[in-house]
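Take a look at the structure set out below.
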Amino acid sequence: MKAPLTDELIREAIANISFEGSLLRYTPYGSGHINDTFAVYFGFEGATHRYILQRINTDIFTDPDSLMENIVGVTSYLRREIEARGGDYTRETLNIVPTLDGRPYYRDSKGGAWRGYLFIENATTFDTVKDPKDFYSAARTFGKFQNLLQNYPAATLHETIAKFHDTAKRYRDFEAAVAADKLGRAKDVEAEIAFVRAHEADTHVLVDALAAGKLPLKVTHNDTKLNNVMIDDATGEGIAVIDLDTVMPGLAAYDFGDSIRFGASTAAEDEKDLDRVRMDISLYEIYLKGFLETAGDGLSDAEKKSLPMGAKLMTLECGMRFLADYLEGDVYFRLHYPEQNLDRCRTQFKLVADMERQWAEMEALVEKYA
Ligand code: ADP
Ligand code: GN1
Ligand code: MG
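Mapping to the working numbering: the sequence shown position 274 is 264, numbers consecutive.
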């Protein structure tokens, strides 16, 4: 189990990473559900600059050596690709700030794993789509990311979370959480459990296609939500894909699908008023167009056809994960209030139902752009 976060631990980590300047202050940063993220401010030659400091969630990413080996590999590969195209690698990918002894992360005295990144300035991550153009930019950026990594030596990547998007396994894990019913919560969520069970057959579709050789394994990001891509404040273009903890072999449909799950929703992931939660087909179309523009050349017809199913399954899977976490006592996703996982799972199931309602159109749009 992770040690409680204390100022002492944070300061210990800061002191052991080769940040430049003298420490001014630090503050919790961002709205990720997994790691502990801080903006750390330093004074240097009369100016202030900041870095990102993160304590990796080692309850979830139990092997930080392998995890950071992946990130070193992927970011240095991207750096070369970006430089070859005349780009600015300090803004267009993550850059690790090494520890004082030259390692990619610092092990604190309580076993915690900390890393520093250059702060990508003058760019924003969004938690909801405010301007459809940003969503289009996100699509192009995630698509380009997938394309750039197509020649990355996939066999060298560690699986940081085994079977991360194996939706059929996620379903079995979900059933195990219902059976254990650790906190006696199952009786209050019968409708949600029934919704998942009614979709059991769906959970096999993509993993079966993969096993049958109908869909190829690619290097994918696997966590393509909108707040994992930085949009340039000046140009509105996507500049960098961040949160690289789950870069590993996966399906193109996973990356497309997880973006739709989060970004094409008309409401926040934890919206309580389900009347406000819909899958906005025009946002879906915008994303599909942008994604195919940059990733499309590398995709087979079967992969293109699998994109709507990616959207539905990533949403169903995420809902199952939120509900399982609720049943297990909220041990995985960071909460900001007690029933948040329940609210989150309900929005996901509402989105799945709304995708089913618009299924024919979702497929027709793939035909239109493919
Ligand atoms: P989590 O795994 O918890 O989602 P992330 O790596 O996505 O953690 O970081 C959380 C948030 O911190 C991001 O959504 C983004 O807003 C911000 N962030 C992360 N890395 C950087 C960076 N290098 N520059 C600027 N902001 C960043
Ligand atoms: C987590 O780390 P973050 O907040 O970007 C989760 C994703 C979920 C997402 C739901 C490693 O993403 O799989 O889709 O929450 N990441 C991990 O919002 O489990
Ligand atoms: Mg994130």
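The beta-carbon is built from N, C-alpha and C at its ideal position, and this holds for glycine as well. What you are looking at is a predicted structure, and each value in this text was computed from that prediction instead of being measured.
Per DSSP, residue i is paired with what?
i: glutamine 44; result: Thr27 and Arg105
i: serine 255; result: Met269
i: histidine 39; result: Phe32
i: glycine 240; result: Lys208
i: isoleucine 7; result: Thr89
If you reduce the DSSP assignment to three classes, tell me which class residue i lands in.
i: phenylalanine 323; result: coil
i: alanine 113; result: strand
i: tyrosine 96; result: strand
i: threonine 157; result: helix
i: glutamate 329; result: coil
i: isoleucine 151; result: coil
i: aspartate 178; result: helix
i: methionine 299; result: helix
i: leucine -1; result: helix
i: isoleucine 50; result: coil
i: threonine 146; result: helix
i: methionine 304; result: helix
i: leucine 173; result: coil
i: threonine 214; result: coil
i: threonine 337; result: helix
i: methionine 345; result: helix
i: methionine 310; result: helix
i: valine 119; result: coil
i: arginine 75; result: coil
i: glycine 247; result: helix
i: alanine 166; result: helix
i: glycine 63; result: helix
i: serine 374; result: The structure shown does not extend to residue 374, since the chain spans only -9 to 360, so no value can be given for it.
i: glycine 280; result: helix
i: alanine -7; result: coil
i: glutamate 318; result: coil
i: glutamate 261; result: coil
Counting along the chain, where does the beta strand (DSSP E) carrying residue i start and finish?
i: alanine 230; result: 228 to 231
i: aspartate 222; result: 219 to 222
i: serine 290; result: Element bounds for serine 290: n/a, residue is neither H nor E.
Can you tell me where the alpha helix (DSSP H) holding residue i begins and where it ends?
i: valine 195; result: 195 to 201
i: tyrosine 359; result: 349 to 359
i: threonine 17; result: That residue, threonine 17, is in no alpha helix (DSSP H); its beta strand (DSSP E) goes 12 to 18.
i: glutamine 136; result: 122 to 138
i: threonine 80; result: 79 to 82
With distances taken from CA atoms, which of the options is nearest residue i?
i: leucine 317; options: Ala167, Gly280, Leu234 and Val231; result: Ala167
i: isoleucine 276; options: Tyr67, Phe34, Asp291 and Ser249; result: Ser249
i: arginine 175; options: Leu332, Arg251, Thr337 and Tyr142; result: Leu332
i: isoleucine 0; options: Glu35, Met(-9), Gly36 and Ile42; result: Ile42
i: arginine 187; options: Arg334, Glu307, Ala350 and Ala3; result: Glu307
i: aspartate 233; options: Leu13, His23 and Ile4; result: His23
i: leucine 200; options: Thr150, Thr114, Arg266 and Ala292; result: Ala292
i: glycine 102; options: Trp349, Asn25, Pro122 and Thr225; result: Asn25
i: arginine 365; options: Gly20, Asn112, Asp171 and Arg334; result: The question about residue 365 has no answer, for the chain in this structure spans -9 to 360.
i: threonine 225; options: Asp124, Asp265 and Ile183; result: Asp124
i: lysine 279; options: Ala181, Met352, Lys302 and Met220; result: Met352
i: valine 62; options: Val219, Tyr359, Gly36 and Gly106; result: Gly106
i: lysine 194; options: Met299, Asp344, Leu273 and Ile7; result: Sequence check: residue 194 is histidine here, not lysine. Among Met299, Asp344, Leu273 and Ile7, the Cα nearest to that of histidine 194 belongs to Met299.
i: serine 21; options: Phe185, Ala254 and Lys215; result: Lys215
i: serine 296; options: Val267, Lys204, Arg347 and Gly92; result: Lys204
i: threonine 52; options: Leu(-5), Gln44 and Ile151; result: Ile151
i: threonine 27; options: Ser99, Phe34 and Pro18; result: Pro18
i: glycine 36; options: Glu71, Leu14 and Glu261; result: Leu14
i: isoleucine 183; options: Phe312, Ala242 and Lys100; result: Phe312
Can you find a CB in chain B that lies within less than 7 Å of the CB of residue i?
i: asparagine 141; result: Chain labels in this structure do not include chain B; a single protein chain is all it has.
I think residue i touches residue j, with their Cβ atoms under 8 Å apart; what is that distance to the nearest whole Å?
i: valine 9; j: valine 87; result: The question names valine, yet the displayed sequence has phenylalanine at residue 9. 6 Å between Cβ atoms; contact.
i: aspartate 235; j: isoleucine 229; result: That pair is no contact at about 19 Å.
i: tyrosine 142; j: tyrosine 67; result: 6 Å
i: methionine 238; j: asparagine 217; result: Not a contact, Cβ separation roughly 20 Å.
i: alanine 314; j: phenylalanine 164; result: 5 Å
i: valine 240; j: threonine 210; result: Looking at the sequence provided, one finds glycine at residue 240 rather than valine. Right, the Cβ-Cβ distance comes to about 4 Å (below 8 Å), so this counts as a contact.
i: aspartate 47; j: lysine -8; result: Looking at the sequence provided, one finds asparagine at residue 47 rather than aspartate. Yes, they are in contact, since the Cβ atoms of asparagine 47 and lysine -8 sit about 7 Å apart, within 8 Å.
i: alanine 129; j: phenylalanine 252; result: Contact flag wrong, Cβ pair sits at about 12 Å.
i: isoleucine 244; j: methionine 310; result: Correcting the residue type first, residue 244 is tyrosine in the shown sequence and not isoleucine. Not quite, the Cβ-Cβ distance comes to about 15 Å (not below 8 Å), so this is no contact.
i: threonine 157; j: leucine 196; result: 7 Å
i: histidine 148; j: asparagine 60; result: 6 Å
i: phenylalanine 246; j: alanine 301; result: 7 Å
i: leucine 341; j: serine 255; result: 6 Å
i: threonine 131; j: valine 219; result: 5 Å
i: threonine 89; j: isoleucine 4; result: Actually they do not touch by this definition, with Cβ atoms about 11 Å apart.
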